[in-house]
Every structure is written in structure tokens, then in C-alpha cells.
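First the structure, in the form of C-alpha cells, and then the observations on it.
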Amino acid sequence: MTIPPHWYLALGTGLFTVGVVGVLTRRNVIVILMSIELILNAVNINLVAFSRMFHSVDGQVFAIFVITDAAAEAAIGLGLIIALFRNKETVNADEIDLLKW
Amino acid sequence: MVILFYIAAIVAILAALGVVLQKTPVYSALLLIVVLCSLAVIYLLLGAEFIAFIQVIVYAGAIMVLFVLVIMLLNARRETPGQGSRMARWLGGPLLVVFLAEIVLAAWRQFPGAASPPPLNAGPAAIGQLLFRSYVLPFEVTSILILVAILGAVVLAKKS
Amino acid sequence: MTPVQALDFIRVLPEIVLASCAILVMVAEPFVSARHTAALAWVSLIGIVAAGAGNAWMRRFSGPAFGGSIAADPFASYFVYLLLLAAALTLLGSVRYLETNQVHHGEFYALLLLGTTGACLMVAATELIMIFIGLEISSISTYILAGFRRADKRSNEACLKYFLLGSFATAFLLYGIAFIYGLTGTTNLVQLSEKLSAPGARPPLLWIALILAFVGLGFKVSTVPFHIWTPDVYQGAPAPVTAFLSVAPKAAAFAVILRVFLGGLASAGALVFWLLWISALLTMCLGNLAALWQTNIKRLLAYSAIAHAGYVLVGMAAAKAAGPEAGEGIASVLFYLAAYALMNVAAFILVAHLAGAGERYQEADDCTGLAYQRPGVAACLTLLLVSLSGFPATAGFFAKFYVFRAAIHAHLIGLTLVAVLNSVVAVYYYLRVVVAMYMREGNPRASASPLPWPLGAALALSLVGIFYLGLFPTPFVRLANLAASPLP
Chain C
1 MTIPPHWYLA
11 LGTGLFTVGV
21 VGVLTRRNVI
31 VILMSIELIL
41 NAVNINLVAF
51 SRMFHSVDGQ
61 VFAIFVITDA
71 AAEAAIGLGL
81 IIALFRNKET
91 VNADEIDLLK
101 W
Chain P
1001 MVILFYIAAI
1011 VAILAALGVV
1021 LQKTPVYSAL
1031 LLIVVLCSLA
1041 VIYLLLGAEF
1051 IAFIQVIVYA
1061 GAIMVLFVLV
1071 IMLLNARRET
1081 PGQGSRMARW
1091 LGGPLLVVFL
1101 AEIVLAAWRQ
1111 FPGAASPPPL
1121 NAGPAAIGQL
1131 LFRSYVLPFE
1141 VTSILILVAI
1151 LGAVVLAKKS
Chain Z
2001 MTPVQALDFI
2011 RVLPEIVLAS
2021 CAILVMVAEP
2031 FVSARHTAAL
2041 AWVSLIGIVA
2051 AGAGNAWMRR
2061 FSGPAFGGSI
2071 AADPFASYFV
2081 YLLLLAAALT
2091 LLGSVRYLET
2101 NQVHHGEFYA
2111 LLLLGTTGAC
2121 LMVAATELIM
2131 IFIGLEISSI
2141 STYILAGFRR
2151 ADKRSNEACL
2161 KYFLLGSFAT
2171 AFLLYGIAFI
2181 YGLTGTTNLV
2191 QLSEKLSAPG
2201 ARPPLLWIAL
2211 ILAFVGLGFK
2221 VSTVPFHIWT
2231 PDVYQGAPAP
2241 VTAFLSVAPK
2251 AAAFAVILRV
2261 FLGGLASAGA
2271 LVFWLLWISA
2281 LLTMCLGNLA
2291 ALWQTNIKRL
2301 LAYSAIAHAG
2311 YVLVGMAAAK
2321 AAGPEAGEGI
2331 ASVLFYLAAY
2341 ALMNVAAFIL
2351 VAHLAGAGER
2361 YQEADDCTGL
2371 AYQRPGVAAC
2381 LTLLLVSLSG
2391 FPATAGFFAK
2401 FYVFRAAIHA
2411 HLIGLTLVAV
2421 LNSVVAVYYY
2431 LRVVVAMYMR
2441 EGNPRASASP
2451 LPWPLGAALA
2461 LSLVGIFYLG
2471 LFPTPFVRLA
2481 NLAASPLP
């Protein structure tokens, strides 16, 4: 017996929601970045599930591009956090408040 | 199969909640690895072996190591609870409602429980065929994306 | 699909030239002595001009390339010219800026060129994966450019906010694209529009997908609920970078909205129209109202840029409402973006000069009495602000005129009225800066050093463009109409 696609979508939506809540409520920049990773994973679940549903590999290829992008964003984000920490000694988003948020 | 799916899905959701609710960044990172690995199990169930392996090797392996490294480097400690950002209060509630509604909608309406087709042949060969034929331009252009990321990481993180 | 041919490469020629030039600049940087780093700027400029020439030559070979990932059509070609223009003006405006602020040259120019490459790929892409990758290239380059003055905390902060909110928005866009793929089984815009125009192929999930995608793109063009980052980032980023990111990624994202929402997903009519209508209304009103209270020139221009995005959205709503006669609305949007690019880049690079080393003088009051010390500079800024506010005989006037005319032709009377009222309100805050320069005596704190010649050349070029569009708009309108033709 196989699992119908909407269960995968429900799982994806669950992860998406958790990720969005994480981005909006957490202060630590590193954790915000991880929450964004959660959203990207939700995207990937959807893509792979759809790929199965349509019986074509396109969705999986798209998922590979998403993973690549996640890697690029992580590299930039973490480099940025290091630069920021050097200047301000904080990793909390709301302590970075020279400009009005 | 079905039971494996439920176990992996529940573990993924619980660990994801842990990532967000956990106050110590290192634990968040470790829980994120749990999420990524249980998703790899789900990809295997979907017949996407290649994505499952990439998920473990690249995502859980390489990207998360970067995260843990930075957390250790910056010695990020427990986060003191803030008063909650303004944005969260204004947007968080409605968004949550909308997306929970979306779960119901998506599952209930769009893709009625049609049996999935048999697993497709999605080995590295099939993916490689597609990457180097239909998606050759996005694939090549991704190299520019990575170049930008490398350049940016160096520019941002090097000492003045 | 057929194997890759030489023709495929010709159709992405501008992007290839730009990327190669960026790599050349990067590789050459260590070999260029510290005194001659400006040479890198000239190499980059030659690259941009060559890409423009490539774009012109390419016109004879228009058509889809790489299995429908990308298309070389008049629409793409128009936007590529626009993006190259923005990049060239930014480049000219940043040569001296980088010297006074001691910013690394090589990486700056390389990232500027790569960011332009990404934006060019975005506007030419006819496939959602390609759009996404182009968007990421241009976004990531601009995130880094925004944080380029690493010793300055404001720049760090701008970079961080832009990055976090930008990645968040991209994630939304991706989630939307995933659903669009799930509903249609394709990511190619042409096939998408075929699949969706079939009867009964417009499920509610498509609406959610559209809204998610619109959130992602709306962030890039700073429409109102998603504009919160704009003033902070525009203020904190180095001013020439602000010049670039207020135009290039924004124009590219508008091109994507046109291609996706008026092309591929055109059949999801009513929802797209109301999305555009509501965000046009909110964006104009909030942008202009918030600008009234600003004292910092960069912040003021940031809110003004938000308001301008609102006028562009009016044109898009008009195009959507006009149904089969969308051409007029789309052409008005294209004209508006060209005028906006000329005015905004020039305004920000001039502000970069006035703010002096370390960008200390950004307040409107810092310009008090500038007209007596540097009449030329003051006149330049005045002309730019006057054009931004939409006075006749300038590009800003005809840009607004065509958008409003398209909106009236599409029977959007209410929206047009609000837009006209908004443009009247906007005159107030633009003129406040002019009043500070001319009407009040005093010693300007803003940098009174003479304009460096590359900056002067960039300003002259934009002013010529502004007056050309303002006095003889007809040939250009014809061009915009031609560029609008590939879209339905």
C-alpha cells in the first residue's frame, strides 16, 4: 500500500508553518537561518512528492537546485554572522537596531 | 511502508518544533540534522534515492557542519527570551491560521487519495540525463550562483 | 530535446559576456597595483558595453534557447538594456566613492557584474527554475554589496536585514513555485499557460500558490506589506549600491511578474488583478505618506522608490484589467521603469557624492545653502528630484502620464485618481530638499568638493536621457510597445 500524495503535502505544510513561526519569533540569527532551511526542506518534500505523482524526474532535479541554493545561502549567512559578531558581539536580530527595524 | 512514513513524518515534525522552540542553538542545529535525516527516509519511500543521499551527504553532512562550526566559533549561548518581536505578533497569528487552513485544503481537495504510480526510475542516471539536457542552462548557471556565494563568503568574513 | 547548438549560446550572449568580464576582473585584481585599481572599473565598463553590443547583435537571432529555459525576445532585450544602463551608471558613480571610502575594488565590480548577470537571466527566463536561479544570483550579489562597508555597523545591519528577509521571501516564492509545479506538472511558462487555460484547471490551491509567489516577488519590488526592509537597507547600504539595488533587482522582478502573472499564469485572471490592484493602492499611499516625515535623504528616496513601485503596479493592474489589449499597460510599465532607472540611479550616486567620506552627511539639512557653493551640483539634484516628482518636460512626467492613461483606458478610474493625488503629495517632500538647497542660507555640511568626472559623466548621461524621454517620448514609446509584444 502506498501513501497518497496529500500526506506528503501535509507534512510539507507542517514544516513550512514551523519554519515561518521560527523566522518570525526567534531572535538568534543562526536559528532564523535554520528556520529558513526548514522552509526550503518543506519545498523539497513537495517537489519530490509531485515528481512521484507525475512520474517524472523534473521535480527531483528542481529539488537539487533548491539544495544548492540552500548551501549558497547558508555560506553567505554564516559569513555574514561572523562579520557581524566581530563588529557587534551579538547574534540576536533585535539587538541590531541602529536603523529602525 | 505506511508505518515507516508515519514514524519518519512525526519525528520530522517534532524535531522541527524542537529546532524552533529550543533555546540553545547547538541543540537546534542537532535537531535540524534529525529533521533532515528523517526527510531522507521519506525521500527513500518516495523512490527518490538520489535526493535522499544528497540530503544526507550534502545537507546533513556539509551544510549542517558549517552551522555547528559557526555556533561553536561564536560561542552562542542560551538565548534570553525577548519580549517577542512586533512583526511576530502582527503577522504570526494570521499566517499560522492561513497555512493550517491550507493543509486542510491541500489534502482534502486537490489531490484526492489516488494511488501513486509505481516508483519511477530516478537513479543518478535519469537525473543526470535531465540535468544535462533539459536543464543544462540552469545547471551551468548554478556555477555562477556558487561563484557569487564563494566570493561573498570571503568578502564578508575576511578581516579588514 | 535537441542537443545544445551554437545558436543557444548566441541567445544568452549578454549574460556570457558579463559573467566572463566579472571573472576577468576578479582574476586581474591581485595583479593590478593599488594606484591603478580604477582600471578595473574601465574593464567592467567595457564588459557592460560589450554585453550591450551583444544584446543588439542578438536581435537577429531571437527565439527560445536551451530547450525553452530562456528566450531571446524583444521583451528580454529591452530589460537587458535597462539593467546594463543601471549597472553602467552605478559603476561610473562608484569609482571615486570606493576610493574615498576605501572599499575593495575588484570584488565590488565583480559582484556588480554578476548581480547584473543574474538579473539579465531573470528577465530572459521562461522557465520557473531558471527564474529562481537568476533571482538568487542577483539577490545574493546584492546582499553582499549591501554589506560592503564592513567596518560600518549600519552597512552590516543593512546586509543582515536584507539577507534574512530576502531569503525568507525567496523561500515563499519557492513554495509557491512548488505548488504551481504540482498543479500542472511543468515549470515552463508556455506549457503552464496552456495547461491552465484548459477549462476547469483553476483549483483553489492555485490561488494559494499565486499568493505565495507574489509574496516572494513583491518583496523584491518592495510592495507594501513586504517593504519593511527597504528604508533600512537603502539607508544602510553604501549609496552606489543602493542606486543599483533600487533599480536592477527591482526592474528584473517586475519583468518576472509581467512574464509570470500576465504570461504564464494569465488565466488566473481575477485574483491576479486584485492582488495587483490592492498592492498598487497600498504601496503608493504608504510610500508617499511615509516619505513626508523623512529627514534623511537616503530614507526619503527609499520611500519614494516604494511609491514609484506603486505607480508601476498601477500600470500592471491596468494591463491585467485590459484583457486582450494588455499591450498599452505593459508598454507603460516598461516606459516607467526606464525613466525610473535613469532618475533613481542618478539621484543615489549624487547622494553618494554629497554624503562625503564615510557617508556622514545624509540629512536634508546637510544640504542647506548648497546652491550658493556648488550651483551645478545643486541644479543637478534639483532636476533629478523634479523629474522624480513628475514635472512636465521630464521623463517622470511622461512615465506617469502613460501609466495613468493606460489605467483610465482600462476603466480603473478610482485607482488613477488616488495615483494622481499621490503624485501631488509627493511634490512636497521632493521640493523640501530643493528648498533646503536654494532658499536657506548657511554652510552646507555636505561634501562641497567638485564632482569627479566619471560621476559627472554618469549624471550628464542620465539628465540627457531624462530630458529626451521628457521632450520626445514617442520613439521610445514605440520601442516599449515592441518590447511588450511577446507577452499576450
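Residue numbers (our numbering), protein chains in the order written: chain C, 1 to 101; chain P, 1001 to 1160; chain Z, 2001 to 2488.
Just so it is clear, CB atoms sit at the ideal spot from N, CA and C, and this is done for glycine as well.
All of these numbers come straight from a predicted model, not from anything done at the bench.
In the three-state scheme derived from DSSP, where H, G and I count as helix and E and B as strand, Glu2441/Z is classed as coil. Gly59/C has its alpha-carbon roughly 19 angstroms from the corresponding atom of Val2260/Z.
In terms of Cβ geometry, Leu2276/Z and Lys2320/Z form a close pair [threshold 8 angstroms]. For Asn2296/Z, the pairing in a beta bridge is given by DSSP as Glu2363/Z. With fewer than 16 other beta carbons inside 10 angstroms of its own, Gln2005/Z counts as exposed. About 12 angstroms separates the CB atoms of Leu2217/Z and Ala2251/Z; that is not less than 8 angstroms, and the two are not in contact.
In terms of beta-carbon proximity, Ile76/C lines the interface with chain P, with at least one pair separated by less than 8 angstroms. Selection Val2012/Z, Leu2337/Z, Val2464/Z, Ser2462/Z evaluated against Val1141/P yields Val2012/Z as nearest (Cα-Cα).
Here the segment 2048-2060 of chain Z makes no contact with the segment 2202-2212 of chain Z; the two share fewer than three CB pairs at distances below 8 angstroms. Within 9 angstroms of the CB of Gly14/C, no CB atom of chain Z is found; the nearest one sits about 13 angstroms away. Taking a beta-carbon distance threshold of 8 angstroms, Val2004/Z counts as an interface residue toward chain P. Taking a cut-off of 8 angstroms on C-beta distances, the segment 2462-2469 of chain Z touches the segment 2326-2342 of chain Z, as three or more cross pairs fall below it.
Sixteen is the threshold: since fewer than 16 other Cβ atoms of the shown chains lie within 10 Å of the Cβ of Tyr1006/P, the residue is exposed.
Within the segment 2138-2150 of chain Z, those residues whose Cβ lies closer than 8 angstroms to any Cβ of chain C are, in chain order, Ile2140, Tyr2143, Ile2144, Gly2147, Arg2150. If you ignore the 5 residues before and after Thr2382/Z, its C-beta comes within less than 6 angstroms of the C-beta of Val2434, all in its own chain and listed in chain order. Beta-carbon to beta-carbon, Leu1074/P and Phe85/C are separated by about 5 angstroms, close enough to satisfy the 8 angstroms threshold.
Here the segment 2017-2028 of chain Z makes contact with the segment 2090-2110 of chain Z; the two share three or more CB pairs at distances below 8 angstroms.
In the structure shown, Gly1123/P adopts coil according to DSSP, grouped into three states.
Contact annotation: Leu2040/Z and His2104/Z have beta-carbon atoms that are not nearer than 8 angstroms. Residue range 2063-2065 is occupied by the beta strand (DSSP E) that includes Gly2063/Z.
Taking 8 angstroms as the upper bound on Cβ-Cβ separation, chain P lies near residues Glu2127, Ile2129, Met2130, Ile2133, Gly2134 of the segment 2122-2134 of chain Z.
Across the structure, Val1002/P and Ser35/C are spaced so that their CA atoms are roughly 28 angstroms apart. Closest by C-alpha distance to Asp2366/Z, out of Leu2007/Z, Pro2392/Z, Arg2432/Z, Arg2405/Z, is Arg2432/Z. When the alpha-carbon of Ile45/C is set against those of Ala83/C, Leu15/C, Ala72/C, the nearest one is in Leu15/C. For a Cβ distance threshold of 7 angstroms, residue set Val2004, Phe2066 of chain Z lies close to Val1136/P, ordered along the chain. Per DSSP, Ala2243/Z is one residue of the alpha helix (DSSP H) stretching across 2239-2245. Neighbours of Val29/C in chain Z, taken as residues whose beta carbon is under 9 angstroms from its own, are Leu2160, Leu2164 in chain order. For Ala1016/P, no chain Z residue has a Cβ inside 7 angstroms of its Cβ, as the nearest lies near 14 angstroms away.
Counting C-beta pairs with one atom in each stretch, the segment 10-30 of chain C and the segment 55-74 of chain C have fewer than three that are closer than 8 angstroms, which means they do not touch.
Between Val43/C and chain Z, the shortest Cβ-Cβ separation is below 8 angstroms.
Pro2240/Z is positioned such that its CB atom lies closer than 8 angstroms to that of Gly2093/Z. About 15 angstroms separates the beta carbons of Ala2309/Z and Leu2300/Z, which is beyond the 8 angstroms limit, so they are not a contact pair. In the structure shown, Ile2228/Z falls within a coil segment according to DSSP collapsed to helix, strand and coil. Look at Ile2131/Z here: in three-state DSSP terms it is helix. Residue pairing by DSSP places Ile2070/Z opposite Ala2065/Z, Ala2125/Z in a beta bridge. A distance below 7 angstroms between beta-carbons, with the five flanking residues on each side excluded, links Leu1131/P to the following residues of its chain, in chain order: Phe1139.
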